[in-house]
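Taken in order, the sequence shown gives residues 3 to 267; the numbers are from my numbering. Glycine is no exception: its CB is placed at the ideal position from the N, C-alpha and C atoms.
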Amino acid sequence: MHKVSAAQAAYLNSLKRHRQKVMFFRLLIFIAFILLWEGAARTGLVNDFIFSSPARMFQTFLSMTKDGSIFYHTGITLAETLVSVLCVLAATLVLAMVLWWNQTLYEILEPYLVVLNSLPKSAMAPVLIVWLGNNPKTIIVTGILISVFGSVMSLTVNFREADPEQIKLIYTLKGGKMDVLRKVLIPRSLPAFISLMKVNVGLCLVGVIIGEFLAANAGLGYLIIYGSQVFKMDWVMMSIVILCILAAGLYALINAVERWCARRW
């Protein structure tokens with residue numbers, strides 16, 4: 003067994019203390035924010051009817067857990083987000099490989115990808131409702147459109163920045179483009195692909211919520227828009243908090259995948 007030197011032990015202890023310090027202050031800021039919010043609501047500094055309060059949100063959450071409605075709405079949003087993310091990742095990988103494979107096709111489509119990526123996707127949501135109907139399909143497509151074009155462009159550029167010497171070596175050994183993809187491009191682009199996953203999780207969640215604002219009768223986006231219309235602000239604020247928790251959980255999941263990939267490769 004390798005014996006850790008005194009200097010290494012001191013360094014590891016300093017890293018551990020630093021992580022503990024960061025976690026402590028993160029937790030402290032969160033608790034202070036909750037306490038200030040609750041205190042301001044109870045003392046009348048803020049209108050708890052408009053801004054709600056942590057206690058009122060917790061009571062609302064408990065009441066909605068009794069009939070399971072909050073789990074139903076949260077599950078709908080989570081499922082739509084996961085489907086959107088998976089579709090974006092699959093489309094990104096396939097389209098990036100196609101555009102790398104065919105340089106002419108890339109040069110033809112590049113300006114269109116730039117324009118589509120720059121287009122405000124929220125403007126497309128009403129059009130999608132007309133085309134696809136008022137159903138989950140519209141919501142998922144909205145989530146996909148938010149992020150797919152930027153992801154395709156980023157991964158294609160990453161493919162094209164591969165080491166030319168490694169590619170030349172594959173061709174020298176009588177390999178083809180498929181060998182370049184399998185042996186060089188995809189392995190070296192794995193970190194970039196995981197980084198895109200981190201970004202796309204948030205973007206797809208945004209797209210799904212936009213879609214639920216306009217074309218849903220279930221989901222956290224529906225609770226937010228309906229709650230604001232009937233002035234049930236406890237629903238609105240509670241749904242926003244749950245969305246924050248979902249986003250953090252999905253990001254943590256991608257981080258776990260990244261660590262697993264780092265250990266494996």
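Would you mind sorting residue i into buried or exposed? The rule is 16 or more other CB atoms within 10 Å of its CB.
i    : result
P138 : buried
C206 : buried
M240 : buried
N257 : exposed
E167 : exposed
N104 : exposed
L29  : exposed
M3   : Because M3 carries a pLDDT of 48, less than 50, the predicted location of this residue cannot be relied on, and no value is offered for it.
G70  : exposed
T62  : buried
L152 : The question names Leu, yet the displayed sequence has Gly at residue 152. Counting Cβ neighbours within 10 Å, G152 comes out buried, since at least 16 surround it.
I33  : exposed
S86  : buried
L245 : buried
W237 : buried
I72  : buried
I347 : The requested residue 347 does not occur in the structure, where the chain is confined to residues 3 to 267.
W215 : The sequence as given places Phe at residue 215; Trp does not occur at that position. The residue is buried, with at least 16 neighbouring Cβ atoms inside 10 Å.
Mapping DSSP to helix, strand and coil, what is residue i?
i    : result
N119 : helix
M3   : At M3, the pLDDT of 48 sits below 50, so the modelled position is not reliable and the matter cannot be decided from this model.
D303 : Because the chain is modelled from 3 through 267, residue 303 falls outside the range shown and cannot be assessed.
K234 : coil
N49  : coil
K255 : Before going on, a small fix: residue 255 reads as Leu here, not Lys. Residue state, collapsed to three classes: helix.
L80  : helix
D41  : According to the sequence shown, residue 41 is Gly rather than Asp. Here G41 sits in helix by DSSP.
R86  : Strictly speaking, residue 86 in this sequence is Ser, with Arg absent from that position. If DSSP states are grouped into helix, strand and coil, S86 belongs with the helices.
A9   : helix
L14  : helix
N104 : coil
S65  : helix
S54  : coil
K170 : helix
M180 : helix
M25  : helix
A218 : coil
M126 : coil
L248 : helix
L187 : helix
G70  : coil
G135 : coil
L175 : coil
R19  : helix
Is the beta carbon of residue j closer than 8 Å to that of residue i?
i    : j    : result
I131 : A217 : yes
V48  : A57  : no
L183 : M126 : no
H75  : L198 : no
V154 : L97  : yes
F35  : M235 : no
K176 : L147 : no
G145 : G209 : yes
I196 : E112 : no
Y253 : V201 : no
I141 : G213 : yes
M59  : V243 : yes
L248 : L88  : no
S16  : W39  : no
What whole-angstrom Cβ distance do residue i and residue j have, given they're in contact under 8 Å?
i    : j    : result
L94  : V150 : Looking at the sequence provided, one finds Thr at residue 94 rather than Leu. Between V150 and T94 the Cβ distance is about 7 Å, and since that is below 8 Å, they are a contact.
L107 : L115 : About 11 Å separates the two Cβ atoms, so there is no contact after all.
L192 : C263 : 6 Å
G229 : I78  : With 8 Å as the limit, G229 and I78 do not qualify as a contact, their Cβ atoms being about 16 Å apart.
D181 : I188 : Contact doesn't hold; Cβ gap of about 11 Å is too wide.
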